């Protein structure tokens, strides 16, 4: 299985390049499953079937009154109105927390960090500024995806709390998202809600 991460805007002739490459891969490896992950910001391009041939591949805050934020609802609406095969559309849920750049230590190579580090952070004033998802939002994302998508793609599983520092067992973010998808009862993890 292979995945392409792509943004439909900004790179000249990107759709044709990705489409040609994916077609060549599928021709060479008959059993290969090819998926494309498109950034939600490019959702307005999903209805333009000249940008990308979605018949060869597929993969991909719920609502907001702020028109500068791209919401899950906007992306879902764009995909629903696109030429994509609806049976092949997956919702991606990122399992990672991000530290704002001004708070990064000098040695940091990335702003991504694990929920194990987030929950064990001794500096509560800084960790409360990190970009994380509270328990209810994680659950709601899984539940929303179940209504509109074929499945969920849990991205960056290695950024979950694998050390039980959140005191909710191993992998609480992953488990809560799956609970939302499977419509299991909501189980709160208070340590994820400190923002």
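In this note's numbering, the protein residues as written are 71 to 265. By construction, the Cβ of each residue, glycine as well, lies at the ideal position given by its N, Cα and C atoms. Please read all numbers here as calculations on a predicted model, not as lab measurements.
The shortest C-alpha to C-alpha distance from residue 169 to any of 199, 253, 157 is the one to 199. When Cβ pairs closer than 8 angstroms are counted between the two stretches, the stretch 226 to 234 is seen to touch the stretch 158 to 174, the count reaching three or more. Only residues of its own chain outside the window of five on either side were considered, and among them 209, 212, 255, 256, 257 have a CB closer than 8 angstroms to the CB of residue 249, listed in chain order. CA-CA distance, residue 182 to residue 176, rounds to 14 angstroms.
With contacts defined by Cβ atoms closer than 8 angstroms, residue 160 and residue 252 do not form a contacting pair. The Cβ neighbour count for residue 152, taken over all protein chains shown within 10 Å, is at least 16; the residue is labelled buried. Judged by DSSP secondary structure, residue 224 falls outside any alpha helix (DSSP H) and instead within the beta strand (DSSP E) spanning 221 to 225. Secondary structure at residue 252: helix, using DSSP grouped into helix, strand and coil. DSSP, reduced to helix, strand and coil, places residue 160 within a strand of the structure shown. Per DSSP, the continuous alpha helix (DSSP H) segment holding residue 212 begins and ends at 205 to 218.
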